[in-house]
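Residue numbers for the sequence shown follow our numbering, so the first one is 128 and each next one is one higher. What follows is a single structure, written as structure tokens, with notes after it.
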Amino acid sequence: MAMPDFLTTPQGRRIAYHQTAGQGPGVMFLGGFKSDMTGTKAVHLQNWAEAKGRAFLRFDYSGHGQSDGDFLDGCIGDWAADAQAVIAALTQGPQVLVGSSMGGWMALLAARAMPERVAGLVGIAAAPDFTEDLMWAGFTEAERAAVMAGRLEQPSEYSDEPYVITKKLIEDGRNHLVLRNPLRLPFPVRLLQGTADVDVPPAVALRLMEHAEAPDLQLLLVKGADHRFSTPQCLAMMTAAIEDILGQI
């Protein structure tokens, strides 16, 4: 596998990325919480972009994958800043942002911070505000006390290592919520959501669709698809959504 290139952000964090040259608007993949750019969806999109001659970029947030930093030191604001630094430094013109799970929140924050650089958005089991609405809201009083004492460990379906949820993650997340204030998305938006997703339930996608102010927003519910959304059929839906957006531009 090719070695990544690296970008040092204005905050001094060293971010690993892979970039494919091609025609614009470019497509950029934003991964999920404790995920990285070597996942099925990210690699599939790079292969699709290369076949189409489309500019494409995938990267790892600080503390994720091949980027520098400790995951436990990170938080929503840091990872959002990483994504926005990558857009600003490495891409040209408006981009189609493809956000998976937490990456959907990152894409929405980028759209709010730099709307002139977003041509469209595809959310795959997008998880805006998940630290508050899925984590904190679902914790018991004992779990909340553990978080406020510093950290809480929970088992992960995706790794042998537990999820470690820090006080910093929860408190910083509250500074970056997008479903409490107006959310204007003046570009095509496609949301893809599996009905069997137990990590980010379909209610999240429905809430986002209802909340956003968007002239062209569509939600596709896929019966039986889980949070990974990585079957061949799901991957085909993802690229079809991107091509739909590119066709609107």
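We put the beta carbon where it would ideally sit given N, CA and C, even for glycine. Since this is a predicted model, take the numbers as computed values, not measurements.
Our contact map puts residue i next to residue j with C-beta atoms below 8 Å; I'd like the distance itself, whole angstroms only.
| i | j | result |
| --- | --- | --- |
| P152 | G220 | 6 Å |
| V305 | A341 | No, V305 and A341 are not in contact; Cβ-Cβ is about 13 Å, not under 8 Å. |
| V331 | A254 | 6 Å |
| R278 | T293 | 5 Å |
| A129 | G149 | Going by Cβ atoms, the distance from A129 to G149 rounds to 16 Å, so no, they are not a contact pair. |
| F133 | R141 | 5 Å |
| I376 | V154 | Contact doesn't hold; Cβ gap of about 12 Å is too wide. |
| A238 | L335 | That pair is no contact at about 12 Å. |
| E284 | V291 | With 8 Å as the limit, E284 and V291 do not qualify as a contact, their Cβ atoms being about 15 Å apart. |
Would you mind reading off the limits of the beta strand (DSSP E) that contains residue i?
| i | result |
| --- | --- |
| P359 | Taken as a continuous stretch (DSSP letters only), P359 belongs to no beta strand (DSSP E), being part of the alpha helix (DSSP H) at P359 to Q375. |
| Q345 | L344 to V349 |
| L318 | V316 to G321 |
| L116 | For the chain, the structure presents residues 128 to 376; residue 116 sits outside this window and is missing. |
Between which two residues does the alpha helix (DSSP H) holding residue i run?
| i | result |
| --- | --- |
| T135 | Run containing T135: none in the alpha helix (DSSP H); it sits in the beta strand (DSSP E), D132 to T135. |
| D299 | K294 to G300 |
Determine, using beta carbons only, whether residue i and residue j come nearer to each other than 8 Å.
| i | j | result |
| --- | --- | --- |
| A246 | V213 | no |
| D353 | D324 | yes |
| L362 | K168 | yes |
| G265 | I251 | no |
| A234 | S194 | no |
| L172 | F183 | yes |
| L217 | Q138 | no |
| V349 | S228 | no |
| G226 | L261 | no |
| I203 | G321 | no |
| M164 | G192 | yes |
| L296 | T258 | yes |
| A208 | T135 | no |
| M364 | L346 | no |
| G180 | S189 | no |
| L199 | H303 | no |
| H338 | L373 | no |
Helix or strand or just coil, what does DSSP make of residue i?
| i | result |
| --- | --- |
| F198 | helix |
| V325 | coil |
| E288 | coil |
| V305 | coil |
| H354 | coil |
| T147 | strand |
| M164 | coil |
| L335 | helix |
Looking at the C-beta of residue i, does it have a partner C-beta in chain C at a distance below 8 Å?
| i | result |
| --- | --- |
| G180 | Protein chain content of the structure displayed is limited to a single chain, and chain C is not contained in it. |
query = Of all the alpha helix (DSSP H) runs that stay within the bounds of the region 171-218, which reach a length of 4 or more residues?
reply = 203-217
key: Runs of beta strand (DSSP E) lying entirely within the region 224-275, each at least 3 residues, in chain order   = 245-251
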